[in-house]
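**Q** Please see the structure below; I have some questions.
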Amino acid sequence: MSLFNFCLILSGVLLNATAQLFLKAGTNVLGHLSFNRSDILTTILRVGIEPHIIGGLTCYVFSVLIWIVALSKVPVSIAYPMLSIGYVVNAAAAWYLFGEAISIQKIAGIATIILGVYLVAKS
C-alpha cells in the first residue's frame, strides 16, 4: 500500500474515531435520553441541536466521503481491517478526555490490533 493510500485510509479512520468522541461528549452533555412517546419529540430536538452531536455527524459525513475514495484505490480486504486503528485511537482518547479506564486486558487487545493492522498493511 502506498503512503498516500495509507494516509487516506488513516484520515477516514481518524474522522470516524473523532465522530465517536464527539457523540460521546454530546451524550455526556445531554445525559440519559428517553424515547418514550411523551418525550420523543423533545429528545429528538435536544439531540438535533446539541453541538457535539452535530460535530460528530459532520465528521461521519466526511469520513464516509474519504472512505469511498480510499476504497476506489485499495482492496477492501486491506482497507477494512484498518478501521481497527479507530479502536486504538478511541481507547486512548476516551482515557484522556473522559477518564475511562484502560486495563491490562485492553492494552493487550490494543497491542494485538496494532500488530494485526501492521501485518495486513504489509500484505
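Reminder that position 35 of the sequence shown reads as 37 in the numbering used here, one-by-one numbering, no gaps.
Note that beta-carbon positions come from the ideal geometry of N, C-alpha and C, so glycine has one too.
Would THR44 and LEU35 qualify as a contact pair, given that the criterion is a beta-carbon distance under 7 angstroms?
**A** No, they are not a contact pair.
**Q** How big is the Cα-Cα spacing for LYS75 and ALA81?
**A** LYS75 and ALA81: Cα-Cα distance of roughly 9 angstroms.
**Q** Please classify TRP97 as buried or exposed, where buried requires at least 16 neighbouring CB atoms within 10 angstroms.
**A** It counts as exposed.
**Q** Which of the three DSSP states, helix, strand or coil, is assigned to LYS26?
**A** Three-state result, LYS26: helix.
**Q** Helix, strand or coil for VAL76? Go by DSSP, reduced to three states.
**A** In this structure, VAL76 counts as coil in the three-state DSSP scheme.
**Q** Return the residue from the list SER40, ALA93, VAL49 that minimises the CA-CA distance to LEU190.
**A** This structure cannot settle anything about residue 190, because the visible part of the chain is limited to 3 through 125.
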